[in-house]
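> Handing you this structure, nothing more for now.
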Amino acid sequence: MELLKDKPDNDTLNDLWTQSFNIRRLCIRELSIDEILERFPAYRRPEL
């Protein structure tokens with residue numbers, strides 16, 4: 026995964042973040058905050 030690299034490529038991360046919008050939106054409605062952060066660790070990255 027791109028997030029696991031020492032220096033992840035921000036362009037790739039932005040593309041993946043955009044592509045995952047619909048599934049993230051659905052998950053946010055159903056999951057707790059801890060579950061969301063576990064499933065989508067990029068929420069911890071302020072540049073996204």
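Quick note on numbering: the sequence shown equals residues 26 to 73 in our numbering.
C-beta atoms are modelled at their ideal positions from N, C-alpha and C, and glycine is treated no differently.
How big is the Cα-Cα spacing for R69 and L62?
Residue 69 sits at position 44 when you count from the first residue of the sequence shown. Residue 62 sits at position 37 when you count from the first residue of the sequence shown. So the alpha carbons of these two residues sit roughly 7 angstroms apart.
> What are the boundary residues of the alpha helix (DSSP H) that includes E72?
Taking the first residue of the sequence shown as 1, we reach residue 72 at position 47. It is not in any alpha helix (DSSP H) - E72 carries neither H nor E in the DSSP assignment.
> According to the Cβ coordinates, are R64 and L56 closer than 8 angstroms?
Along the sequence shown, one-based indexing puts residue 64 at 39. Along the sequence shown, one-based indexing puts residue 56 at 31. Yes. Within cutoff.
> Over what stretch of residues does the alpha helix (DSSP H) that includes F46 continue unbroken?
Numbered from 1 along the sequence shown, position 21 holds the residue referred to as residue 46. Note, F46: alpha helix (DSSP H), 46 to 55.
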